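Written out below as structure tokens is the structure these notes cover.
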Amino acid sequence: MSGAIGKVPSRSTFAMCVVTIALGMTATARADDMMVGKTIATQGTAKGVAACISCHGAKGEGNAAAGFPRLAGVNASYLSGQLSAFANGERQSTIMQPFAKLLSANGRSAVALYFSSLPPPAGIKTNDSAAIKPSDTGAWIATRGRWDQGLPACAQCHGPGGIGVGVAFPPLAGQPAAYIESQLHGWKKGVRPPGPMALMPVIVSKLSDTDISAVAAYYAGNVGPSDNAAPVGSKQ
Amino acid sequence: MIGQSWFSKGTLTGLLVIASGAMGGITYAAEGSTPEPSAPSDAKAFAPPAEAAMPTNEFGKSIKLGEQIFTHTQEFAGKYVGNSLNCASCHLDAGRKPNSSPLWAAYLVYPAYRGKNGRVNSFAERLQGCFRYSMNGKAPPLGDPVLVALETYAFWLAQGAPVGEKLPGQGYPKLPAPALKADYTRGSQVYAQHCALCHAADGQGQSSGGKAVFPPLWGAHSFNWGAGMGEIQNAAGFIKANMPLGLGNTLTDQQAWDVATFMDSQERPQDPRFTGSVEATRAKYHDSPNSMYGEKINGRVLGAP
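Same order as they appear, the protein sequences are chains S and D. For the first sequence, counting from 1, position 42 maps to 71 in the numbering used here; every step adds exactly one. For the second sequence, counting from 1, position 31 maps to 245 in the numbering used here; every step adds exactly one.
This is the structure we're talking about:
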């Protein structure tokens with residue numbers, strides 16, 4: 030392909046210019062989205078959307094006491110997908126649905142982009158090779174699963190330390206325990222949509238209430254003191 | 215096992231549907247599919263010792279090291295590893311899971327004569343093969359602490375099992391021949407629907423925090439052409455029993471054969487036994503309908519340098 034273009038230098042130059050301009054426009058559009066997203070997140074909208082940070086924390090870190098999830102560093106496509114699901118009623122939440130409905134599709138994408146760009150909580154331990162005891166139910170389910178029941182480990186899809194993987198597998202580390210518990214119970218009761226390949230309803234069918242509390246506590250606690258910890262993924 | 219004498223699976227499914235419908239509001243019933251009668255069962259398999267029973271003495275330390283190598287292969291045996299897989303990528307539950315080529319069952323059937331190299335192999339030599347082919351790396355020398363630890367772990371897992379016997383759950387299940395000849399195109403559709411979410415559309419898997427989470431299934435970072443998983447019948451058996459992860463035995467045998475054919479019809483690192491010619495290497499090591507090595511797929515001869 031490059032050979033064909035190369036036969037006509039002027040066309041090649043032209044193509045490069047187009048690419049450069051397109052990239053520049055994309056970067057500008059992204060910066061614009063980021064500004065729009067930041068405004069929604071920190072100030073809300075004139076139509077009545079409250080500032081996201083009033084519940085989700087100034088840095089998108091979530092609110093452990095209230096069980097509001099952390100948004101910082103969560104994949105943008107995942108976040109905008111959830112906002113769309115709140116807007117169309119697939120995912121139920123009396124708090125989120127009105128706000129999600131009031132936002133335009135662009136607004137939802139922009140605010141998702143903004144929160145995804147914020148750093149995740151510091152001190153997430155991604156080294157799960159340390160000795161873990163089977164009696165530590167939360168850590169064991171998180172890193173080893175319970176295969177005699179066909180239950181995979183959380184980390185097998187949500188990544189080392191639960192830092193999240195790609196679009197479909199959101200981070201668990203640093204999420205409030207109450208949030209993780211409520212979502213797992215939501216799948217158990219059939220009120221949260223099954224999600225990709227309906228994986229989670231099968232997973233939760235193998236978890237007892239005690240298991241759910243234990244694994245939620247494990248991931249909620251997988252963050253370190255913010256003063257001395259390295260950001261996620263920087264230390265391998 | 216429970217209640218099967220009078221309770222048909224169809225009845226059970228019907229009851230579940232009624233139950234989930236009765237809850238009211240928007241609910242999302244789990245889409246459980248009923249395994250086929252041929253589905254390999256994990257239930258009757260040998261139970262290796264519980265993790266909590268692992269000794270803590272010097273011997274136990276070697277067992278633990280073996281387990282760590284098994285689950286974090288790059289981290290604990292990096293110099294012998296040439297790709298981003300772990301032993302546990304294909305031997306699930308740290309080598310414990312039946313029908314996922316569990317270590318406890320493998321330990322019992324060595325030493326054994328292997329057609330692969332035409333002689334009797336010790337268990338340690340069999341482990342060397344894993345590194346050379348499946349891990350696309352270098353075989354640790356016999357006596358190397360890596361091999362000793364892995365052998366110790368396998369020995370411990372096999373406590374109480376009968377030496378020399380092939381136990382239920384050993385290796386990967388042998389699926390009956392597919393009703394329709396296994397097909398690349400149908401396999402690509404199965405792949406897109408059931409596999410790509412995790413292993414990515416291009417088969418390269420997904421990483422996070424610098425670690426491979428979903429292993430690459432083909433390409434430069436996957437197993438090489440000499441690995442057992444490159445043989446379609448092994449891949450089909452593994453996939454049927456274990457994939458998608460957490461949803462084992464939900465694909466049909468036909469889907470497993472088709473998607474295994476698709477996966478094993480992609481480019482991957484050269485067979486380390488390559489003789490210099492694809493035809494000759496195929497004739498010597500891949501002369502089987504279960505190997506696509508040397509076959510022409512999408513206009514390219516697989517394995518051609």
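Using N, Cα and C, we set each Cβ at its ideal position, and we do this for glycine too. Keep in mind the model is a prediction, meaning the values are calculated, not measured.
{"Check": "By how many angstroms is the C-alpha of L361 of chain D removed from the C-alpha of R496 of chain D?", "Outcome": "30 Å"}
{"Check": "Nearest by alpha-carbon distance to G424 of chain D: which of D:K278, D:K275, D:Q288, D:V473 is it?", "Outcome": "D:Q288"}
{"Check": "Alpha carbon to alpha carbon, what distance is there between A87 of chain S and G203 of chain S?", "Outcome": "15 Å"}
{"Check": "For F488 of chain D, I'd like the list of residues in its chain whose CB is within less than 6 Å of its CB, leaving aside the five on either flank, ordered along the chain.", "Outcome": "T495"}
{"Check": "Taking only beta-carbon positions, decide if G423 of chain D is within less than 9 Å of chain S.", "Outcome": "yes"}
{"Check": "Let me make sure I understand the geometry here. Which of D:Q418, D:A518, D:Q484 has the alpha-carbon closest to that of S298 of chain D?", "Outcome": "D:Q418"}
{"Check": "Taking the runs of the alpha helix (DSSP H) that are 4 residues or longer, which of them lie wholly in the segment 341-372 of chain D?", "Outcome": "359-371"}
{"Check": "Relative to chain S, which residues along the segment 258-290 of chain D have a C-beta separation below 9 Å, given in chain order?", "Outcome": "A261, A264, E265, A266, K278, Q282, T285, H286, E289, F290"}
{"Check": "Hey, is Q420 of chain D's beta-carbon within less than 9 Å of any beta-carbon in chain S?", "Outcome": "yes"}
{"Check": "Report the rounded CA-to-CA distance for A82 of chain S versus D416 of chain D, giving the unit in angstroms.", "Outcome": "The amino acid occupying residue 82 of chain S in the given sequence is Ile; Ala does not appear at that position. Rounded to the nearest angstrom, the two C-alpha atoms are 38 Å apart."}
{"Check": "From the DSSP secondary-structure annotation, give me the bridge partner or partners of S421 of chain D.", "Outcome": "D:A426"}
{"Check": "Taking contact to mean at least 3 C-beta pairs separated by less than 8 Å, is the segment 377-386 of chain D in contact with the segment 313-323 of chain D?", "Outcome": "yes"}
{"Check": "Name the two residues that bound the continuous beta strand (DSSP E) containing T335 of chain D.", "Outcome": "It should be pointed out that residue 335 of chain D corresponds to Asn in this sequence rather than to Thr. Looking at the DSSP string, the run of the beta strand (DSSP E) that includes N335 of chain D is 333-335."}
{"Check": "Between which two residues does the beta strand (DSSP E) carrying A328 of chain D extend?", "Outcome": "It should be noted that the sequence gives Arg, not Ala, for residue 328 of chain D. Segment 326-328, the beta strand (DSSP E) holding R328 of chain D."}
{"Check": "Counting beta carbon pairs with one atom in the segment 346-363 of chain D and one in the segment 436-445 of chain D, are three or more of them shorter than 8 Å?", "Outcome": "yes"}
{"Check": "Can you grab the Cα-Cα spacing for the pair G152 of chain S / G253 of chain S, in whole Å?", "Outcome": "4 Å"}
{"Check": "Give a yes or no on contact between the segment 144-151 of chain S and the segment 173-187 of chain S, applying the rule of three or more CB pairs nearer than 8 Å.", "Outcome": "no"}
{"Check": "Report the rounded CA-to-CA distance for N448 of chain D versus A434 of chain D, giving the unit in angstroms.", "Outcome": "21 Å"}
{"Check": "Of all Cβ atoms in chain S, is any one closer than 9 Å to the Cβ of A308 of chain D?", "Outcome": "yes"}
{"Check": "Under 9 Å, do G91 of chain S and Y208 of chain S count as touching if we go by C-beta distance?", "Outcome": "yes"}
{"Check": "Does C412 of chain D get closer than 9 Å to chain C when you measure Cβ to Cβ?", "Outcome": "Looking at the structure shown, chain C is missing, and the protein chains on hand are S and D."}
{"Check": "Indicate whether at least one CB of chain D lies closer than 9 Å to the CB of M226 of chain S.", "Outcome": "yes"}
{"Check": "Using 10 angstroms around the beta-carbon of Q373 of chain D, count the other beta-carbons present and answer buried if the total reaches 16, otherwise exposed.", "Outcome": "exposed"}
{"Check": "What residues in the segment 102-130 of chain S bring their beta carbon closer than 9 Å to a beta carbon of chain D?", "Outcome": "G118, E119, Q121"}
{"Check": "Any heavy atom of the ligand MN within a distance shorter than 8 Å of the CB on S138 of chain S?", "Outcome": "Absence of the ligand MN from the depicted structure is noted, as is the absence of any ligand whatsoever, leaving it without description."}
{"Check": "Let me confirm a value: D238 of chain S is counted as buried when at least 16 other C-beta atoms fall within 10 Å, else exposed. Which label applies?", "Outcome": "exposed"}
{"Check": "Assign Q72 of chain S to buried or exposed, taking buried as 16 or more other Cβ atoms, counted over all protein chains shown, within 10 Å of its Cβ.", "Outcome": "exposed"}
{"Check": "So, at 7 Å on beta carbons, what are the nonlocal neighbours of E281 of chain D in its own chain, with the 5 sequence-adjacent residues on each side left out?", "Outcome": "A308, Y367"}
{"Check": "Name the DSSP bridge partner or partners of N520 of chain D?", "Outcome": "In this structure chain D extends from 215 to 519, so residue 520 of chain D is not present and cannot be described."}
{"Check": "Our contact map puts V231 of chain S next to G460 of chain D with C-beta atoms below 8 Å; I'd like the distance itself, whole angstroms only.", "Outcome": "6 Å"}
{"Check": "Which residues of chain D have a Cβ atom closer than 8 Å to the Cβ of Q212 of chain S, listed in chain order?", "Outcome": "Those within 8 Å of Q212 of chain S in chain D number zero; the least Cβ separation is about 13 Å."}
{"Check": "At 9 Å on the CB atoms, spell out the chain D contacts of T155 of chain S, in chain order.", "Outcome": "S422, G423, G424, K425"}
{"Check": "Give me the residue from D:K454, D:T475, D:A474 with the minimum Cα distance to L465 of chain D.", "Outcome": "D:K454"}
{"Check": "To the nearest angstrom, how far is it from the Cα of Y386 of chain D to the Cα of A326 of chain D?", "Outcome": "17 Å"}
{"Check": "Does P150 of chain S come within less than 9 Å of chain D when only Cβ atoms are used?", "Outcome": "no"}
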